[in-house]
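Q:
Chains as they are written, first to last, in my numbering: chain R, 1 to 587; chain C, 1 to 587.
#1: Keeping to the same chain, check which residues put their C-beta closer than 7 Å to that of residue 224 of chain C; ignore five residues upstream and five downstream.
#2: Counting only Cβ-Cβ distances shorter than 7 Å, please list the residues of the region 563-577 of chain R near chain C, keeping chain order.
#3: Does chain C have any CB closer than 8 Å to the CB of residue 140 of chain R?
#4: Given a cut-off of 8 Å on the beta-carbon distance, is the pair residue 157 of chain R and residue 206 of chain R in contact?
#5: Inspect the CB distances between the region 533-546 of chain R and the region 534-541 of chain C and report whether three or more fall short of 8 Å.
#6: What is the DSSP secondary structure of residue 433 of chain R, reduced to helix, strand or coil?
#7: Just checking: is the beta-carbon of residue 177 of chain R within a distance shorter than 8 Å of some beta-carbon in chain C?
#8: Can you tell me whether residue 231 of chain C is helix, strand or coil according to DSSP?
#9: Would you mind working out which of C:366, C:112, C:147, C:134 sits nearest residue 26 of chain C, comparing C-alpha positions?
#10: With a Cβ-Cβ cutoff of 8 Å, do residue 625 of chain R and residue 370 of chain R count as a contact?
#11: Which residue or residues does DSSP assign as beta-bridge partners of residue 161 of chain R?
#12: Between the Cα of residue 14 of chain R and those of R:509, R:108, R:175, spot the shortest distance and give me the residue it belongs to.
#13: At which residues does the alpha helix (DSSP H) containing residue 52 of chain C begin and terminate?
#14: What residues in its chain sit with their C-beta under 6 Å from that of residue 303 of chain R, if we drop five residues either side in the sequence?
#15: Since I believe residue 8 of chain R is in contact with residue 104 of chain R (beta carbons under 8 Å), could you give me their beta-carbon distance rounded to a whole number of angstroms?
#16: Whole beta strand (DSSP E) runs in the region 332-378 of chain C with 3 or more residues, listed along the chain?
#17: State whether the region 438-445 of chain R contacts the region 389-404 of chain R, with contact taken as three or more CB pairs (one from each stretch) at a distance under 8 Å.
#18: State yes or no: is the beta carbon of residue 254 of chain R nearer than 8 Å to at least one beta carbon in chain C?
#19: Near residue 580 of chain C, what residues of its chain come up, given a Cβ to Cβ distance below 8 Å and the 5 sequence neighbours on each side ignored?
#20: Given a cut-off of 8 Å, decide if residue 260 of chain R and residue 64 of chain R are closer than it, judged by their beta-carbon atoms.
#21: In whole angstroms, what is the alpha-carbon distance linking residue 460 of chain R and residue 469 of chain R?
#22: Can you name the residues that DSSP bridges to residue 193 of chain C?
#23: For residue 492 of chain R, collect the residues of the same chain with a Cβ closer than 7 Å to its Cβ; drop the 5 residues on either side in sequence, then sort them by chain order.
#24: My parser needs the alpha helix (DSSP H) runs of 4 or more residues fully inside the region 432-499 of chain C; what are they?
#25: Find the residues of chain R that neighbour residue 596 of chain C, judging by a C-beta separation of less than 7 Å, and give them in chain order.
#26: From the DSSP output, in three-state form, read off residue 525 of chain R for me.
#27: Who pairs with residue 72 of chain C in a beta bridge, going by DSSP?
#28: So, are the CB atoms of residue 673 of chain C and residue 235 of chain C less than 8 Å apart?
#29: Among C:473, C:494, C:426, whose alpha-carbon lies nearest the alpha-carbon of residue 2 of chain C?
#30: Leaving out the 5 sequence neighbours to the left and right, which residues in its chain are closer than 8 Å to residue 286 of chain R when beta-carbon positions are compared?
#31: Buried or exposed, going by whether 16 or more other CB atoms sit within 10 Å of the CB of residue 255 of chain R?
#32: Would you kindly work out how many angstroms separate the C-alpha atoms of residue 555 of chain C and residue 123 of chain C, rounded to a whole number?
#33: With a threshold of 8 Å between beta carbons, is residue 309 of chain C in contact with chain R?
#34: Would you kindly work out how many angstroms separate the C-alpha atoms of residue 364 of chain R and residue 465 of chain R, rounded to a whole number?
#35: To the nearest angstrom, report how far apart residue 189 of chain C and residue 245 of chain C are at their CA atoms.
#36: Which residues in chain R have a C-beta closer than 8 Å to the C-beta of residue 170 of chain C? List them in chain order.
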C-alpha cells in the first residue's frame, strides 16, 4: 500500500505567502480564517486522510462496490470511516453556516480536496457529488427546498448525485430522452434512464438526493428544453423525516478499470416524484453552475493522485539500489536509484508540476471566492472570467499530467510498479477516469477555445495575459532569467491565442483540431505564472527559510528549463491547420 | 470485445514495395519467399489471430493464470488454441528448417508478431519466450544440446523462458545471487530465486526449457562472473523423452495490472540440474543476443496493440453520434463523432504513427536479416550497427506511443472506454507492461546514448544520418515540401547527437538526464524517415492505386505537420543540462 503524508507545509506556505489577491483579502466573511485556524484544520485533515481514508483505497480496489438484490454495498470499511468523516464535519467544510456548514473558503477546502484525492479517490466521490448537488441547490432552489434538504446534506447524512448522462447522450445533452410530467400538485413524475451516475446508489447515507435533468412534456427539443429536478431516493415528509421509497431503481453498476470502490450506477426512474429547481427549461445552465466547480475539483483529483505517486516514487528511489551512477560514489556495489540523473529528472519533473499546480490552484481558489462573494459586480465578473478560463485548463491539464506522473511512478518502480503489491498501478488506474468524467478533456478544450477564450465580456485571454505579464514585472534581478524564458512563452501563447480567436471566426475546424494543443500551451504557461508568483516570494523572503526557498527556486528552474518548452511544439503542430484532417478519407 | 481485422493489405504493400535493401535481396536463403507465398501465410495468420486467438484476450483477463497446488493453470481456452497454434506450425515460422522450422525471414515473422500482439499479448508471451530461448540456444549451444532441445521447441511441444531477474537485481544483473555448482559429470546444480519469469510455469507444453543466468562458484563478482545455463523443468533422457522433475518449483505468480493470462512466476531453483551454454562467464553477452531481438518484438507488441486500438476507435467514431460538427451537415440532430475535427485528428494521429512504425519495422527487419545472414562481414556489421541503434528506439518509442494510442482510444470511447464492456481499457492495461519489461524504457535510453550512439565501430549515428539523408535526396518535386520539413528535424537530430556524443565524454549526467529526450527525437525522425520511404513509392507508383496512395500521402502529411514537431522540444529541454538536477536536495 502506498504511504502518504499530507503536504501541510507547502499548503501553509501558499496560504500564508501567496494569499495576495486584494479583492479576496477584502472579503468580510473570511476575515476570521487565520493561518492558525487553517493550520489546525489541515493537521486534522491530514490525520483522517493518512490514517483512516488511505487504507480504503486498497480495500475498495480489492472489494469493489457491488449490486446485490437491488442494493449497492460499498467496500468493507467504507461505512465506519464515512461515519467518522461526517461526525468530524468534513462534508460541511465549505458549506454555508446557515445550513450547518463551517463556511471555509475554497482556499482551504481545495487543500482538503487534494488530500482526500491522494488518500482514496473512490471514497472521496461519495461526498464530492453531495457538495456538487449542495452547490446547485444552494444557488437555484427556493427556500422551502433548501431548508428541507440542505441541512442533512451538509451534515453528510444524505448524499447527492448529478444525473446527466443517458445511453445516447454524454457530451451532447440536447439528445436526452428522460421525461418529466407535471402533476396537479406542481410536482413532476420523472421517467427515463440515466447512466454513469457516480454514487447513484450506496449504503453510506439514509437518503440520496438526485439532481436530474429531464424534459418537461411541453418543453422544446434540444438543449433549450431541459429542466432541472430534485428527485430523492426516499420521499421526504413534511416534518423532514424519511418516507416511502421513490420510483428509482439501480439497473446495474459498472465494472471499471479503476475507482472500483465507487459505485457507478445505471439508474432507472419510473414515475419518480421530482421537484423542479429554478425556472423551467433553464436546467442546463443551472447544472453547469455545479459542473464548473466540479471540473476544477477533478483537476485537483489529478493533483492529489500525483502527490501520492511522487511521495512513493521518491521513497522507493532512495531505497532501491541498482546500477552505478555517474558520479562515481563508492557505496559498495550499487547506488540508490535516486543517484541516477534520469531518475532525479523524473522526480523533479513530478515535483515541479505538482507544486506549480498547487500554487495555480490556490490562485484560482482566491479568484473563485472573489467571483462568488465580492460586493463589486465588476470585480466579481473579472474574477469569474478568470475562473471560467482556467476551469477547462485545470481539469484537463492536471488530469493528463496526473497520468504522466502516475505512469512515471510505475517506471520508477519497474516491474514492481506493474504488480498489485505496491499499489502504484492502482493510482494509475484510478486517475485514468479523471481525463474522462465531467466532460472529456477534448470537450474541455473545445469549451476553452470556442466559449472561454473570448466571450460576451470581451477578450478574456487578454485580461489573463495582462495579469501574468504584470506578475513578471519585477525589479528583482534574480528573477530576470526566469522572466526572460517566461516572456518567450507568453509571446507564443499570445500568438496562439490570436490565431485561435481569428480562426474561430473563419475556420472552426482549424480551431477544433488545435483545441487540445491550445489548452496545453495555455496550461504550461499558467503553471509558469504560478511559479513566477512562488519565485517572487522565494527571493523576497529568502532569508526567512533558506532551505525551503532554495528548494522552491531550484524546482522552478527545473520547470522553466525542462517542462515549459513543451508549450511551443503544441503551437507549431496546431497552426498547420486542419484541411488535410477534414478532407481525409478514412477506410 | 474489440474486433480485429489483420492489416494484410498494408503488410503486403511493405513486402512488395519497400523491400528495397539490396543486401537483403541478395540473401540466397530467402530467394523463394515470394509475395504470393507471403500473402498466403499472412491470410492464414489473419484467420487464426482473428478467429481463435482474439477471444483469448478477454478470457485471460477475466480468468487470469492461477497457481493451484504448485501447478500453473492457463486461462480457459488457452490449451485448445495453443494445440491448434502449434499444429499449424506458427511457433516454427522463423526457425531453422534444420530443426523443423519454416525458415521465414523477419520481414514476414514480424508481421505475425504484430498480428498476435493485436489479438492477445498475454497468449503470445507463451510462445514468444520460446523463440527467444530458441535463438539463444541456436546461437550459443553445442550440437548435442541443439539436437536434443531445439526440435521440440520449434514444434512448440516444449516452451522456453529467460530467467534473469532476481529480487535485488533487475536492471543491474551484476548483483545476481543464483549459484551454479559444477558436478563431476560436467553438469551444474543451480540454486537461487528468479522473479518476474514470464511463462515460468504453465500447462500448455510437456516441458519448459529455462535459460538461467547464474554465477559459478569459482566465477568473479559482478557482470563478468555470469554464465548461462539451460535448465529444463523435466530432465530429458538420452533418447529425448521426458524424465524426472528437475529441482524447480513455482513459488508464486504475480497479480498484475494487465496481461493477466500470462503467468509471471517466482521460480525457486533448488539444486536443479543445468547445462552450461557457451563459454563460462560470458552468460550476459549470450543472453543479450536474445534480448536484442526480444526488445524489437516488444516494440512490435506496442504496434500491434496500437493497431487494434485504432481499428476499434475508428469504427466507434463512425457509429457514435454526439454533437454537431462544424461542417454544418444536416444529419438530423447529431453527427457521428468522426465528423468532429478533434476526433479526426486523434484518429489520424494513431494511423500516422502506426503505419510509420510498421514501415520502420519492415526496414529494420531487412537490416536484421542482413546482419545475420549476409556473406560479407562488413555489410553484416553495418546492418548490425543499424539494428543495434534502432533496437532501443523501437522498443521504447513504440511501447510509449502504444500507451498514447490506447489512451486516446479510451478518450474516443469516453466513459465506455473506462468500463470493462468494450475491452478498450484492457488494451491500455495490457500494453502498459511494454515500457517496463525487457529493460525499462529509461534503461533503453541509457543503452542508446551510452553504448549505441557511437561504439567501437565508429559513429553509428552518422551512418544512420547518411542513410536517411540519401532517402530524402529525391528529385520528385512532390516530395519537396516533406523533405524540407524532414531536413529541419534531421538538423536538430544532428545537433542533438553531437551534443550527446561530446557530453558523454565530459558530463555523463547531462547525457543521462537527456537520454529519454534523445531517444524520442531520434525516434520521431526515424518514423519520418520511414514515411519518406513510403512517400517515394506513393508518388512513383501513384497511378497504380490512387486511392491507396492518396491515403498514404495524406497520412504522411499529418505525420509531418502534427507529430514530427514533437522532436524539437525534447532537444530544447535536454540541452539545458543537468547541474540543477544533480545538485537538487530532495527532502
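By construction, the Cβ of each residue, glycine as well, lies at the ideal position given by its N, Cα and C atoms.
Computed from a predicted structure; not experimentally measured.
A: In this structure, then:
#1: Scanning its chain for C-beta atoms nearer than 7 Å, with the 5 sequence neighbours on each side dropped, one finds around residue 224 of chain C the residues 281, in chain order.
#2: 565, 566, 568, 569, 572, 573, 576
#3: Interface with chain C (8 Å Cβ-Cβ cutoff): residue 140 of chain R is excluded.
#4: yes
#5: no
#6: coil
#7: no
#8: strand
#9: C:366
#10: Outside the shown range of chain R (1 to 587) lies residue 625 of chain R, about which nothing can therefore be said.
#11: In DSSP, residue 161 of chain R forms a bridge with R:210.
#12: R:108
#13: Careful: residue 52 of chain C lies outside any alpha helix (DSSP H) and carries neither H nor E.
#14: The answer, listed in chain order, is 114, 357, 398.
#15: Taking 8 Å as the upper bound for CB-CB distance, residue 104 of chain R and residue 8 of chain R are not in contact here, some 16 Å apart.
#16: The qualifying runs do not exist here; there are none.
#17: yes
#18: yes
#19: none
#20: yes
#21: 14 Å
#22: C:268
#23: The beta carbon of residue 492 of chain R sits closer than 7 Å to the beta carbons of 521, 567, 568, 571 from its chain, once the five residues preceding and following it are set aside; these are given in chain order.
#24: 441-447, 460-471
#25: This structure cannot speak to residue 596 of chain C, because chain C is shown only from 1 to 587.
#26: helix
#27: C:67
#28: Summary: the structure shown does not reach residue 673 of chain C, with chain C confined to residues 1 through 587, and so no result is reported for it.
#29: For the residues C:473, C:494, C:426, the minimum Cα distance to residue 2 of chain C belongs to C:426.
#30: Cβ neighbours of residue 286 of chain R beyond the five flanking positions: 136, 139, 140, 228, 277, 278.
#31: exposed
#32: 32 Å
#33: Chain R contact via Cβ: absent.
#34: 15 Å
#35: 14 Å
#36: 322, 414, 415
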